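S.K.:
Residue numbers (this note's numbering): 1 to 327.
1) Considering only residues of the same chain and omitting the five flanking positions on each side of residue 178, which have a CB-CB separation below 7 Å?
2) Drop a sphere of 10 angstroms on the beta-carbon of residue 152, count the other beta-carbons inside from all chains shown, and report buried for 16 or more, exposed for fewer.
3) Got a sec, what are the start and stop residues for the beta strand (DSSP E) residue 195 sits in?
4) Determine the direct distance from the alpha carbon of residue 289 to that of residue 166, and round the result to whole angstroms.
5) Can you look up residue 165 in the DSSP assignment and give me helix, strand or coil?
6) Find the nearest neighbour of residue 18 within the set 88, 116, 78 and 143, judged by alpha-carbon distance.
7) Within its chain, find whatever has a CB closer than 7 Å to the CB of residue 174; leave out the 5 residues flanking it on each side and keep chain order.
8) When the Cβ atoms of the region 104 to 122 are set against those of the region 133 to 150, are three or more pairs found closer than 8 Å?
9) Going straight from the alpha carbon of residue 313 to that of residue 93, what length do you get?
10) Is any heavy atom in the ligand GDP found nearer than 7 Å to the beta carbon of residue 65?
11) Keeping to the same chain, check which residues put their C-beta closer than 6 Å to that of residue 191; ignore five residues upstream and five downstream.
12) Consult DSSP for residue 175 and reduce its assignment to one of helix, strand or coil.
13) Which class does residue 121 belong to by DSSP, given the choice of helix, strand or coil?
14) Whole angstroms is fine: what's the gap from residue 381's alpha carbon to residue 60's?
15) Does the region 238 to 256 come close enough to the region 268 to 282 that 3 or more CB-CB pairs lie under 8 Å?
16) May I ask you to verify whether the region 75 to 86 touches the region 118 to 127, counting CB pairs closer than 8 Å and requiring at least 3?
17) Leaving out five residues on either side along the sequence, give the residues of the same chain with a beta carbon under 7 Å from the beta carbon of residue 306.
18) By Cβ distance, which residues of its chain are closer than 8 Å to residue 277, with the 5 residues on each side in sequence left out?
19) In three-state terms, what does DSSP make of residue 21?
20) Tell me, which residues are paired with residue 380 by DSSP?
21) Whose C-alpha, out of 77, 321, 56 and 189, is nearest the C-alpha of residue 66?
22) Measure from the alpha carbon of residue 130 to the alpha carbon of each residue in 309, 64 and 220, then state which is nearest.
23) Between which two residues does the beta strand (DSSP E) holding residue 64 run?
24) Compare the C-alpha of residue 127 against each of 42, 157 and 30 and name the closest.
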C-alpha cells in the first residue's frame, strides 16, 4: 500500500472539524468526493485510479475527514481487519490460508507468530493526507486522535499502520503513540524503502499482543542491523531502539572497566568489540542521543570492526573518551 502521509506535528494547532463519512455519502456528493480524492492524489505520487474505486466500494473502509471553513483539508482512510474464527486464524498462522484483505492481521500471525492477531479487532490506517497549506498545524495528529476515540467507542483492540520507513514519518507515528513491530526484508520497488509496521493498543488483549511484539522487535533489531538491515539510516534506527529493555544485555563491572581503559588508551577497540556492541545498544536504548553520536553507534552495530574505516574507529574511541573518560 502507499505509505501514509503526514508532514505535520509541530507549530500552532488549528481547530478543524472532524467528520466521519459513509461511502454512500461520498458517492452521492461529487464535490466532496473530488475534494477528498484530490487530497489523496496531491499527497502521494502512488495514488492510482483504482484507489478511487476502493474509496467508494472497498469493504470495511472507514473514511474520516478534517474540515476547515467547510472544505476538506485532511483525510484518513482506515480498514477493518481481524474478527476471524479461531480455526481460520490458526490456519493463517500456520501458513495454510491467506484470505483476501486483513493485511496487517495476517502479517502479525504469519510473520510474527502472533496467532491471536486475526481474532482481534484491528483498524489499519491505510492513508493520511493533509493539504499543503494545513500542514504543520496538527491536522494529521487530530485525525489519528479522532480515529482513536471512535475505535475505543467501538471496542477495537488495536490500531495499526504500514508504510515506507522514513525518518519524518516515523517520528510522526511515534509521537502519536504507535510503536514499530516489524521492518520488512525487501525494499519497495516504487519508494526504494523498507516497510515498517506499527501498532497502538486500545484494549487489554491488544496491549498484550503489542507489548510482546514491540519487545521482541527491539530485542532482535540490534542483531538484524548487522545483517539484512545494515542499510537502515541512524535517524530511523535510533528512535526505534529508544526504550529497549536491556535485561538480556547487561553491562557488567568488567565491561565498564574495559570501556574506561579504552578511554585511557589502555585497550584496543577491536579487543573489546563485544563490550562496545552491548554499550552501543545501551546508549541507543537510553534515547536522546545526538545525530553525530547516533551515526557512530549505529555504524558500530551495522558492521564488525574489520570493515569499519579508521575514521569511524577514531570517532568511536573519541565518543567513549568523551562519555567515560572522566570516570
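Yeah, the Cβ is synthetic: ideal placement off N, Cα and C, and Gly gets one too. Keep in mind it's a predicted model, so treat the numbers as computed, not measured.
M.R.: Answer, in terms of the structure:
1) Closer than 7 Å at the Cβ level, and outside the excluded window around residue 178, lie 161, 198, 199 and 200.
2) By the 10 Å Cβ count, residue 152 comes out exposed.
3) For residue 195, the uninterrupted beta strand (DSSP E) run begins and ends at 194 to 201, by DSSP.
4) Taking the straight line joining both Cα atoms gives about 18 Å.
5) It is coil, neither helix nor strand.
6) The option with the nearest alpha carbon to residue 18 is 143.
7) 239.
8) Between the region 104 to 122 and the region 133 to 150, the count of Cβ pairs shorter than 8 Å is below three; the stretches do not touch.
9) Spanning the two alpha carbons is a distance of roughly 44 Å.
10) With respect to the ligand GDP, the structure shown offers nothing to examine, as it has no ligands at all.
11) Sequence-distant partners of residue 191 (beyond 5 residues in either direction) whose C-beta falls short of 6 Å from its own C-beta, in its chain, are 164.
12) Of the three classes helix, strand and coil, the one that applies to residue 175 here is helix, per DSSP.
13) Looking at residue 121 - three-state DSSP - the assignment turns out to be strand.
14) Look at the range of the chain in this structure, 1 to 327, and you will see that residue 381 is not part of it.
15) Taking one beta carbon from each stretch, the region 268 to 282 and the region 238 to 256 have 3 or more pairs nearer than 8 Å; the two touch.
16) Touching, yes.
17) Low per-residue confidence applies at residue 306: pLDDT is 47, beneath 50, and the placement is therefore not dependable, though the value from the model is reported in the following sentence. Correct list: empty, nothing qualifies.
18) Cβ within range, chain order: 222, 300 and 301.
19) Here residue 21 sits in strand by DSSP.
20) Shown here, the chain extends from 1 to 327; a query on residue 380 therefore has no answer.
21) Nearest C-alpha to residue 66: 77.
22) Answer by Cα proximity: 64.
23) Residue 64 -> beta strand (DSSP E) spans 61 to 68.
24) For the residues 42, 157 and 30, the minimum Cα distance to residue 127 belongs to 42.
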